[in-house]
Amino acid sequence: MRIGNVSLFNRASDGSIMLASYQKPNECWRWAVSLGKRNGNRMICRAAHRTHQWHDNYNLGRWSICISRQDYHLRPAGA
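Reminder that position 5 of the sequence shown reads as 10 in our numbering, one-by-one numbering, no gaps.
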């Protein structure tokens with residue numbers, strides 16, 4: 006389902022459920038929230054470097070909520 010630039014309840018290439026994602030026309034996605042299988046042993050695993058593309062994982066039992074951001078296509082300041 007799509008509402009403007011936001012897609013809801015799709016499947017990602019790794020099989021996880023994309024609860025929501027945002028994508029401007031003719032660009033890659035900007036942010037996404039997905040539900041998938043548990044990722045690692047830590048309860049919370051946040052990206053150390055928050056530039057270009059990063060993923061934060063929050064493990065809940067056998068499942069993981071992943072919040073992702075991508076900023077490769079943002080214009081530099083003043084451009």
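Heads up, the beta-carbon is just placed ideally off N, CA and C, and yes, glycines get one too. Since this is a predicted model, take the numbers as computed values, not measurements.
Check: If you run the structure through DSSP and keep just helix, strand and coil, what is K42?
Finding: strand
Margin query: Measuring alpha carbon to alpha carbon, tell me which residue in V38, F14, D61 is nearest I49.
Written below: D61
Item checked: Proximal residues to T56 (C-beta, below 8 Å), its chain only, five neighbours per side dropped -> D76
Check: The beta strand (DSSP E) with C71 in it runs from where to where?
Finding: 68-75
Notebook entry, point to check: Out of L40, W36, G20, W34, which has the shortest C-alpha to C-alpha gap to R67?
Noted result: L40
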